[in-house]
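Those protein sequence lines, which keep their order, are chains W and D.
According to my numbering, the stretch in the first sequence is residues 588 to 823, in order.
According to my numbering, the stretch in the second sequence is residues 588 to 823, in order.
Here a beta-carbon is modelled for each residue, glycine too, at the ideal position from N, C-alpha and C.
Notes to accompany the following structure.
Number of protein chains: 2
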Amino acid sequence: MASVTMIEPNGHFCSDCAVRGVAVCASLDPAELREFEHLGRRVHFASGETVFSEEDITTSFFNLLEGVMRLYKLLPDGRRQIVGFALPGDFLGMNMSGRHNFSADAIGAVTVCQFAKVPFGRFIEDRPHLLQRINELAIRELSQARDHMVLLGRRSADEKVATFLLGWRGRLVSLRGSSNTVPLPMSRQDIADYLGLTIETVSRTFTKLERHGAIEIVHGGINLRDAARVEALAAA
Amino acid sequence: MASVTMIEPNGHFCSDCAVRGVAVCASLDPAELREFEHLGRRVHFASGETVFSEEDITTSFFNLLEGVMRLYKLLPDGRRQIVGFALPGDFLGMNMSGRHNFSADAIGAVTVCQFAKVPFGRFIEDRPHLLQRINELAIRELSQARDHMVLLGRRSADEKVATFLLGWRGRLVSLRGSSNTVPLPMSRQDIADYLGLTIETVSRTFTKLERHGAIEIVHGGINLRDAARVEALAAA
DNA sequence: AAACCCGATTGACCCAGATCAATTTTGACG
DNA sequence: CGTCAAAATTGATCTGGGTCAATCGGGTTT
Chain W
588 MASVTMIEPN
598 GHFCSDCAVR
608 GVAVCASLDP
618 AELREFEHLG
628 RRVHFASGET
638 VFSEEDITTS
648 FFNLLEGVMR
658 LYKLLPDGRR
668 QIVGFALPGD
678 FLGMNMSGRH
688 NFSADAIGAV
698 TVCQFAKVPF
708 GRFIEDRPHL
718 LQRINELAIR
728 ELSQARDHMV
738 LLGRRSADEK
748 VATFLLGWRG
758 RLVSLRGSSN
768 TVPLPMSRQD
778 IADYLGLTIE
788 TVSRTFTKLE
798 RHGAIEIVHG
808 GINLRDAARV
818 EALAAA
Chain D
588 MASVTMIEPN
598 GHFCSDCAVR
608 GVAVCASLDP
618 AELREFEHLG
628 RRVHFASGET
638 VFSEEDITTS
648 FFNLLEGVMR
658 LYKLLPDGRR
668 QIVGFALPGD
678 FLGMNMSGRH
688 NFSADAIGAV
698 TVCQFAKVPF
708 GRFIEDRPHL
718 LQRINELAIR
728 ELSQARDHMV
738 LLGRRSADEK
748 VATFLLGWRG
758 RLVSLRGSSN
768 TVPLPMSRQD
778 IADYLGLTIE
788 TVSRTFTKLE
798 RHGAIEIVHG
808 GINLRDAARV
818 EALAAA
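Following this line, the structure appears as structure tokens:
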């Protein structure tokens, strides 16, 4: 992929960062924030670009500022499992040592705040509250990962799709506020690889939900017509 | 379940604890260890007993000392997904706040080192290296969780079983040293719920592996006859 | 050692979701 | 606006693994 990556030439200010309240940096006081500012640099990625790859040695951490990313693992024969979608505020690559254990692509244009591992590690060292914040995030992710295992191992296609729609909507709501329109910037293939299904099954399930009046498929997303019905499907 | 739980009346010594080298406490120096000693108490659980349940408010953390545990989540209708098996040295319940997000049962007799949340939290506060150790463990678990998502979402039954056997053997080897005999203390149902399969499929797959000379099914476990063949199946 | 229980195995059959194969829709570009 | 390419939908068919139903041990109780 031709790199359309761009690194901003000049500084920026954490204090008016869009994700200031949710991200790792939420645990920093104004004085720390000023110092922190020098560690990160904003980097842009074009749609489809890979931000980092599984098995790359970890040299940077990333704080997603704008856009959506898919996080995935590949089997040698090409089968793909998407282990999560990242949204603004998510902190990626927290492997203090060693290698990344998944790859991350931009879905649409993306802006990240990139930190070099070593200075970031030094900054953390005498700031246990930041480490604690990172630990909290890791534990939250672990909990999400376990929920996703239940979905992958024990849920039917209908339940998977319904659970995905509600979960994705939930995340967008807490980020942008409530709405019945659920944008789906990822492709059907991405959704399929996230849910452990094929693209055809995802498509058919969407159509089925629409026929039953539960959702309406619109360009670039869906409208939740009957949230209760979708919830009933997801709960099962 | 009738509680056969037993709490040891008197103290014990961390310094000669079986899991001293692997567990969270590996990050403590001898002086700290003596203080730490007063925080934990050994507790025994009989086979099948529940150590803690999903949605219980977290009041304790557990360090598994002896035995095996199954960690699982249930859907409202009873479907179960085992999210992992715990072995000695594993640290359970690391939700600094809130609730456990899975349940944990003893598989066979189990001994844990139980820590009350509050004093443990206080102990951590001024020992960032312990927090760092816990963070490392969380990140390792996260990585395992993602690997398991790939298995659940994208692997065939044969691959699942082969991967499980090798992974389980690997953990036992690093704990007890190499051997071609792989004890399987968990039931077929447990294995099925771990792999997102049914008990029948697990049983059939074992039989198939045995017919092909890859393994030999023995009482309480299996013998690895042809590790290379099993590895080939798992890699696929 | 007979009776019983419970986990594991095996067989017969079925079905949810995969696979294969066309369309149809959408979007990018000249 | 027309042309192409990629994404999404839809249909027809197939199959891996689930479901249902015996049967088979191995251990424990009496």
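- Sequence-distant Cβ neighbours of Ile809/W in its own chain, meaning closer than 6 Å and more than five residues away, are Val769, Ile802.
- The Cβ atoms of Leu753/D and Ala821/D lie closer than 8 Å to each other.
- Asp664/W and Glu619/W have their C-alpha atoms roughly 46 Å apart.
- With fewer than 16 neighbouring CB atoms inside 10 Å of its own CB, Leu762/D falls in the exposed class.
- With contacts defined as CB atoms closer than 8 Å, Leu652/W and Ala605/W qualify as a contacting pair.
- Against chain D, a Cβ distance below 8 Å from Ile726/W picks out Met681, Asn682, Met683, Ala725.
- In this structure Phe707/W touches Phe648/W by the C-beta definition: roughly 6 Å separates them, less than 8 Å.
- Counting along the chain, Val705/W sits inside the alpha helix (DSSP H) bounded by residues 704-712.
- In chain order, Phe623, Leu717 place their CB closer than 7 Å to the CB of Leu615/W, counting only its own chain and leaving out the 5 sequence neighbours on each side.
- Within the segment 731-747 of chain W, contact with chain D at the beta-carbon level (separation under 7 Å) is assigned to Ala732, Arg733, His735, Met736, Val737, Leu739, Gly740, Arg741.
- Ala613/W counts as exposed, since fewer than 16 other beta carbons sit within 10 angstroms of its beta carbon.
- Within chain D, the C-beta atoms nearer than 9 Å to that of Phe689/W come from Ser730, Arg733, in chain order.
- The bridge partners DSSP lists for Met656/D are Ala673/D, Ala693/D.
- About 6 Å separates the CB atoms of Ala725/D and Asn722/W; that is less than 8 Å, so the two are in contact.
- Counting along the chain, the unbroken beta strand (DSSP E) around His631/W starts and ends at 627-632.
- By the neighbour-count definition (other C-beta atoms within 10 Å, threshold 16), Arg733/W is a buried residue.
- With contacts defined as CB atoms closer than 8 Å, Cys700/W and Arg791/W fail to qualify as a contacting pair.
- Taking all protein chains shown into account, Asn650/W has 16 or more neighbouring C-beta atoms within 10 Å of its C-beta and is therefore buried.
- By the Cβ-count criterion, Val697/D is buried, with 16 or more other Cβ atoms from all chains shown falling within 10 Å of its own Cβ.
- For a Cβ distance threshold of 8 Å, nothing in chain W lies close to Arg720/D: the least Cβ distance comes to about 11 Å.
- Where Gly740/W is concerned, the enclosing alpha helix (DSSP H) starts and stops at 715-741.
- Just measuring C-alpha positions, the residue of His806/D, Gly800/D, Thr788/D sitting nearest Ala814/D is Gly800/D.
- Going by C-alpha positions, Leu626/D is about 45 Å away from Asp745/D.
- Look at Gly807/W here: in three-state DSSP terms it is coil, with no helix or strand label.
- Taking 8 Å as the CB threshold, Lys704/W stays off the interface with chain D.
- Residue pairing by DSSP places Arg667/W opposite Leu661/W in a beta bridge.
- Judged by beta-carbon spacing, Ala610/W lies beyond the 8 Å limit of Gly654/W, meaning their Cβ atoms are not closer than that value.
- Between the alpha carbons of Phe632/W and Glu818/D lies a distance of about 38 Å.
- Residue-level contact check: Ala610/W does not touch chain D, since none of the beta carbons of chain D fall below 8 Å from its beta carbon.
- Ranking Phe710/D, Asp713/D, Gly671/D, Pro617/D by CA distance to the CA of Leu729/W puts Gly671/D first.
- Secondary structure at Pro772/W: coil, using DSSP grouped into helix, strand and coil.
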